[in-house]
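Trainee: Each residue of the sequence shown is one higher than the last, beginning at 62 in the numbering used here.
Quick reminder that beta carbons are idealized off the backbone N, C-alpha and C, glycines included.
Could you have a look at this structure, given as structure tokens, before my questions?
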Amino acid sequence: MHKTQIDLPYIGRFAPSPSGPLHFGSLVTALASYLDAKHHHGQWLVRMEDIDPPREIDGAQKIILNSLLAHGLQWDGDVMRQSERLTTYQRVLEQLAPYCYSCFCNRQRLNTLNGIYDGHCLHHGKTEKEQTDKRNATKESKYLLTPKSSTRLRTDIFDNKKEQITSIETFNDLFQQQQKQPLQTHSGDFVLRRKDGLFAYQLAVTIDDIDQGITHIIRGADLLSTTSRQRYLWTILQSEPSISDNINNHRPLPEYGHIPVASTPTGQKLSKQNKAAALDNTSAFENLCRAFTFLHHPVPNHISSKADIQLLLAWGIQNWDRAKIPKETSIIAEQ
Ligand code: GLU
Ligand code: ZN
């Protein structure tokens, strides 16, 4: 019998990329995922998504973790680091090979597709195995230290199982309205390993969410449109017996809740890239109060006057109410 979410203890997570220090927007996400977990007597895990070394800033991991602690956000268990899980990603990727193909499209061609891949290399290329065999058989192969291709996952695997694909592409978000994200119009066949050889976010995040037994994913709405890809991959990983040997199996799809992202007055997401100010840990209490306000949980005077972080978080855990979370996908945050 299949387990449902209801049978499982709540496990949530916060999964920062160490591309810079925490800023107000990431504090909002950390706080929302923490409160939702603790309100439901769950665990709250932290995972460092450090699989993209070119984007990593030295020391950012430590700064992020210190900042979480300074804001009273203590995680459960050990911090997982994606950089320590590369062999797992590789093994799973190899097992997904029958569903994958190599894509040799250049950036110029991809730019014309607006992020929705048209299956060009599936229809005009060869299977990954044929391509590898061919490369190995040619003299030039010894010069190709890294193959100049990305690995894409076909999105037509459940084409003859209408119910299955509908339940992947259609889901109720805890905060946003019901979602319908057809893979064909959201991404098309998507990348699991990038051209530069790095594992793609979609692959790593899904394997880790399964392995860590995550039941609830509370994160920024900038990731809302990636959700059906992750649900699709999750379903494949759960339905392939040979793959499930490598990762925890029998994990039902998690619940998703996408909170509004904090944006600049011009509508850009506050991010490390657009130089959002790093959180000042010496004003942790004030930062948290602002984050509560952003999440439409204004802090009452008898709590805000005490300036006690533990008291504030305890109040937040008790009074967390999903129905109060604003439904927008983006809200301007005063810097
Ligand atoms: N590492 C991602 C980020 O910092 C978040 C991944 C997720 O929550 O699924 O944007
Ligand atoms: Zn291609």
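If you follow the beta strand (DSSP E) that valine 266 is part of, which residue opens it and which one closes it?
Mentor: Looking at the DSSP string, valine 266 is not in any beta strand (DSSP E); the run it does join, the alpha helix (DSSP H), is 262-272.
Trainee: Looking at the strands, I want to know which residues DSSP matches up with leucine 106.
Mentor: Answer by DSSP bridge pairing, in chain order: Arg74.
Trainee: Should proline 77 be listed as close to ligand 1, given that the test is whether its C-beta is under 6 Å from any heavy atom?
Mentor: At least one heavy atom of ligand 1 is nearer than 6 Å to the Cβ of proline 77, so yes.
Trainee: Roughly how many angstroms lie between the CA atoms of leucine 340 and leucine 83, to the nearest whole one?
Mentor: Those two C-alpha atoms are separated by around 6 Å.
Trainee: Less than 7 Å separating the beta-carbons of serine 289 and lysine 256?
Mentor: Contact flag unset, no.
Trainee: Tell whether a beta-carbon distance below 7 Å holds between isoleucine 393 and proline 326.
Mentor: Taking 7 Å as the Cβ cut-off, isoleucine 393 and proline 326 qualify as a contacting pair.
Trainee: Between the beta-carbon of alanine 368 and the beta-carbon of phenylalanine 353, is there less than 7 Å?
Mentor: Going by C-beta atoms, alanine 368 is not nearer than 7 Å to phenylalanine 353.
Trainee: Excluding five sequence neighbours on each side, which residues of the same chain lie with their C-beta closer than 6 Å to the C-beta of aspartate 270?
Mentor: Excluding residues within five positions, none has a Cβ falling inside 6 Å.
Trainee: Which whole-angstrom value is the C-beta distance of isoleucine 370 and leucine 356, which I expect to be below 8 Å?
Mentor: So it is not a contact: roughly 16 Å between Cβ atoms.
Trainee: Where does histidine 132 land, buried or exposed, given buried means 16+ other C-beta within 10 angstroms?
Mentor: Buried: at least 16 other Cβ atoms inside 10 Å.
Trainee: Listed by chain order, which residues have C-beta atoms less than 6 Å from any heavy atom of ligand 3?
Mentor: No copy of ligand 3 occurs in the structure displayed; its ligands are ligand 1 and ligand 2 alone.
Trainee: Is there contact here, the segment 225-242 with the segment 260-275, by at least three beta-carbon pairs under 8 Å?
Mentor: Flag = no, the segment 225-242 and the segment 260-275 do not touch.
Trainee: So, helix, strand or coil for threonine 288, using DSSP?
Mentor: Here threonine 288 sits in helix by DSSP.
Trainee: If we ignore side chains and look at the alpha-carbon of each, how far apart do leucine 92 and leucine 134 end up?
Mentor: If you take the alpha carbons of leucine 92 and leucine 134, they lie about 8 Å apart.
Trainee: Just curious, the alpha helix (DSSP H) that glutamine 238 is in, first and last residue?
Mentor: That residue, glutamine 238, is in no alpha helix (DSSP H); it is neither H nor E in DSSP.
Trainee: Tell me whether valine 252 counts as near ligand 1, meaning its Cβ is closer than 6 Å to at least one heavy atom of that ligand.
Mentor: No, the beta carbon of valine 252 sits no closer than 6 Å to any heavy atom of ligand 1.
Trainee: Please classify histidine 384: is it buried, with 16 or more other beta-carbons within 10 angstroms of its beta-carbon, or exposed?
Mentor: The question names histidine, yet the displayed sequence has alanine at residue 384. Classification of alanine 384: exposed, given that the 10 Å Cβ count is below 16.
Trainee: For the candidate residues Asn335, Ala265, Asp119 and Gln169, whose alpha-carbon lies nearest to that of glutamine 151?
Mentor: The option with the nearest alpha carbon to glutamine 151 is Ala265.
Trainee: Confirm the yes/no value for this check: CB of valine 266, any heavy atom of ligand 1, distance under 6 Å.
Mentor: Yes, Cβ of valine 266 sits closer than 6 Å to a heavy atom of ligand 1.
Trainee: To which residues of the same chain is glutamine 329 closer than 6 Å at the C-beta, ignoring the five residues directly before and after it?
Mentor: Excluding residues within five positions, the ones whose Cβ falls inside 6 Å are Asn335.
Trainee: Between leucine 319 and proline 77, what straight-line distance do the alpha-carbon atoms span, to the nearest angstrom?
Mentor: Contrary to the premise, residue 319 reads as histidine rather than leucine in this sequence. So the two alpha carbons sit approximately 15 Å from each other.
Trainee: Verify the contact flag: arginine 168, CB atom, against every heavy atom of ligand 1, threshold strictly below 6 Å.
Mentor: Arginine 168 Cβ: outside cutoff for every heavy atom of ligand 1.
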